[in-house]
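**Q** Converting from the sequence shown to this note's numbering requires adding 668 to each position, the first position being numbered 1.
Glycine is no exception: its CB is placed at the ideal position from the N, C-alpha and C atoms.
This structure is a prediction, so every number in the text was calculated from the model and none was measured.
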Amino acid sequence: MDKLRALEVFRRVIELGSFSAAAEDLNLSKAAVSKNINELEDSLKTALINRTTRKLHITESGKAYYNHVSAILNDLANADLSILETSNVLRGTLRISIPMTLGVLKINPIICRFQKQYPNVSIEVTMDDSYVDLLEKGIDIAIRGGGILKDSSLKSRKLLDIERVVCASPEYLAANPKLTEPKDLLSHNCLIYTLSSSRSWVFTKGTQTQTVHPNPSSYAVNNGLGLRQAIVSGLGVTLTPKMIVDDAIAAGHVVELMPDWKSENHTLYALYPYHKEQSPKLRVFIDFLISHLST
669 MDKLRALEVF RRVIELGSFS AAAEDLNLSK AAVSKNINEL EDSLKTALIN
719 RTTRKLHITE SGKAYYNHVS AILNDLANAD LSILETSNVL RGTLRISIPM
769 TLGVLKINPI ICRFQKQYPN VSIEVTMDDS YVDLLEKGID IAIRGGGILK
819 DSSLKSRKLL DIERVVCASP EYLAANPKLT EPKDLLSHNC LIYTLSSSRS
869 WVFTKGTQTQ TVHPNPSSYA VNNGLGLRQA IVSGLGVTLT PKMIVDDAIA
919 AGHVVELMPD WKSENHTLYA LYPYHKEQSP KLRVFIDFLI SHLST
């Protein structure tokens, strides 16, 4: 038995939740994955995973063993990477998940600069506004907006506070009632971003606070670029990250409304699996992101 290979197979089976998913991820046959797990259990003389026809169940021994195995494999990987880092040469593959709109407008250009500076790092970018299971998909880092991190297998690092604005097109504003304060939004067609974690828009002005629950919209979309196009087309008014509509505002295609009323900022985070925290290429990439997002 190749013990190191068996440990790698065991970790991916646990993280992905199935033999077939681990086999695909590791480019092995399902029989080879099963053989590695069987040999590992035989050598330990204990069951690590209980198999049923529908699902895998990790045993208590398996859970404890997984934690030790992950730490050992990470230390081995980081030992190699730390040498590369000290020589200013990062290698390996970095799998990155980013939201579509923010990715195209802001993050992907930074990723391209990173790849030029570290040409020995292979970059695999997935652009998707929806939540991605990092462990299941083998993602090293995801860039997402949000609040409290609920998944205990992930860690987060704050990247940026994003200002949000209420805006609409001149065409829409000319044909609809004036907007002078947040409660006026209730008489307007509010365009909805369906992946938002909250259906309430909260605004403050000095000591005043107004919370608006937008009425059901005639237009809702799960993509920021689609929302931007709907705003410019005059379909309604919305609350959106300012960086998405900055150029449209500058060109006069979109008008920022109620500038005295401030909405809650949208915070951008880097999310990554707990066991990858010490990865040099991950740390260098996050530092690179932060330095370039702030400029």
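Considering only C-alpha positions, which residue in the set Lys-784, Tyr-840, Ile-807, Tyr-786 is nearest to Val-793?
**A** Of Lys-784, Tyr-840, Ile-807, Tyr-786, the residue nearest in Cα terms is Ile-807.
**Q** With respect to the beta strand (DSSP E) encompassing Arg-825, which residues constitute its N-terminal and C-terminal limits?
**A** 822–830 is the span of the beta strand (DSSP E), which, as asked, contains Arg-825.
**Q** Which whole-angstrom value is the C-beta distance of Glu-804 and Leu-684, which I expect to be below 8 angstroms?
**A** Confirmed, Cβ separation roughly 6 angstroms.
**Q** Below 8 angstroms on the Cβ atoms is my guess for Asn-695 versus Glu-831; work out the distance and round it to an integer in Å.
**A** No, Asn-695 and Glu-831 are not in contact; Cβ-Cβ is about 44 angstroms, not under 8 angstroms.
**Q** Using the Cα positions of Val-800 and Leu-859, report the straight-line distance between them to the nearest angstrom.
**A** Approximately 25 angstroms, taken between the alpha carbons.
**Q** Spatial neighbours of Leu-893 within its chain, please: C-beta separation below 6 angstroms, excluding the five flanking residues on both sides.
**A** So the list reads Thr-769, once near-sequence residues are dropped.
**Q** What does the Cβ neighbour count give for Pro-777, buried or exposed, with the cut at 16 atoms within 10 Å?
**A** With fewer than 16 other Cβ atoms within 10 Å, it is exposed.
**Q** Which of helix, strand or coil does DSSP assign to Tyr-942?
**A** Looking at Tyr-942 - three-state DSSP - the assignment turns out to be helix.
**Q** So, helix, strand or coil for Ala-888, using DSSP?
**A** Here Ala-888 sits in strand by DSSP.
**Q** Considering only DSSP beta bridges, list what Gly-813 is partnered with.
**A** Paired residue(s): Leu-936.
**Q** Is it the case that the segment 889–908 contacts the segment 833–848, given that we only count it when at least three CB pairs across the two stretches are under 8 angstroms?
**A** Yes: at least three Cβ pairs fall under 8 angstroms.
**Q** Can you tell me the Cα-Cα spacing of Gln-878 and Trp-869, whole angstroms?
**A** Going from the Cα of Gln-878 to the Cα of Trp-869 covers about 8 angstroms.
**Q** For a test of the three-state rule: what should DSSP assign to Gly-760, helix, strand or coil?
**A** If DSSP states are grouped into helix, strand and coil, Gly-760 belongs with the strands.
**Q** With respect to the alpha helix (DSSP H) encompassing Glu-849, which residues constitute its N-terminal and C-terminal limits?
**A** Counting along the chain, Glu-849 falls outside any alpha helix (DSSP H), and DSSP gives it neither H nor E.
**Q** With 16 other CB atoms within 10 Å as the buried threshold, where does Tyr-942 fall?
**A** That one is exposed.
**Q** Taking the alpha carbon of Ser-686 as the point to measure from, which residue in Met-669, Arg-719, Asn-706 has its own alpha carbon closest?
**A** Nearest of Met-669, Arg-719, Asn-706 to Ser-686, Cα basis: Arg-719.
**Q** Leaving out five residues on either side along the sequence, give the residues of the same chain with a beta carbon under 8 angstroms from the beta carbon of Ile-816.
**A** Because Ile-816 carries a pLDDT of 49, less than 50, the predicted location of this residue cannot be relied on, and the following value inherits that uncertainty. No residues qualify anywhere along the chain.
**Q** Starting from Met-926, follow the beta strand (DSSP E) in both directions and report where the run begins and ends.
**A** Note, Met-926: premise wrong, no beta strand (DSSP E); not H, not E.
**Q** For a quick check, are the C-beta atoms of Ala-715 and Val-701 less than 8 angstroms apart?
**A** Taking 8 angstroms as the Cβ cut-off, Ala-715 and Val-701 do not qualify as a contacting pair.
**Q** Do Leu-675 and Leu-741 have their CB atoms nearer than 8 angstroms?
**A** The answer is yes: Cβ separation under 8 angstroms.
**Q** Count the other CB atoms within 10 Å of the CB of His-881; is the residue buried (16 or more) or exposed (fewer)?
**A** Flag for His-881 reads exposed.
**Q** Please give the ranges of any beta strand (DSSP E) in the segment 769–799, keeping only runs that are unbroken, at least 3 residues long and fully inside the region.
**A** As far as the segment 769–799 is concerned, its whole beta strand (DSSP E) runs of at least 3 residues are 789–795.
**Q** For Met-669, count the other beta carbons within 10 Å of its own beta carbon; 16 or more makes it buried, fewer makes it exposed. Which is it?
**A** Classification of Met-669: exposed, given that the 10 Å Cβ count is below 16.
**Q** If the criterion is Cβ atoms closer than 8 angstroms, does the pair Leu-957 and Gly-813 meet it?
**A** No, the pair does not count as a contact, with Cβ atoms beyond the cut-off.
**Q** Just the C-alpha distance for Ser-947 and Ile-809, rounded to the nearest angstrom, thanks.
**A** Straight-line Cα distance between these residues: approximately 11 angstroms.
**Q** Between Glu-924 and Val-900, what straight-line distance do the alpha-carbon atoms span, to the nearest angstrom?
**A** Each residue's alpha carbon lies about 12 angstroms from the other.
**Q** With a Cβ-Cβ cutoff of 8 angstroms, do Arg-759 and Asn-788 count as a contact?
**A** Yes, they are a contact pair.
**Q** Measure the C-alpha to C-alpha separation of Asn-890 and Ser-855 and round it to an integer number of angstroms.
**A** Using only the alpha carbons, I get a separation of about 23 angstroms.
**Q** Is the beta carbon of Ser-765 sitting closer than 8 angstroms to the one on Asp-797?
**A** Not a contact, by the Cβ cut-off of 8 angstroms.
**Q** Using CA coordinates, which residue listed in Ile-779, Asp-743, Ser-962 is at the minimum distance from Leu-828?
**A** The candidate whose alpha carbon is nearest that of Leu-828 is Ser-962.
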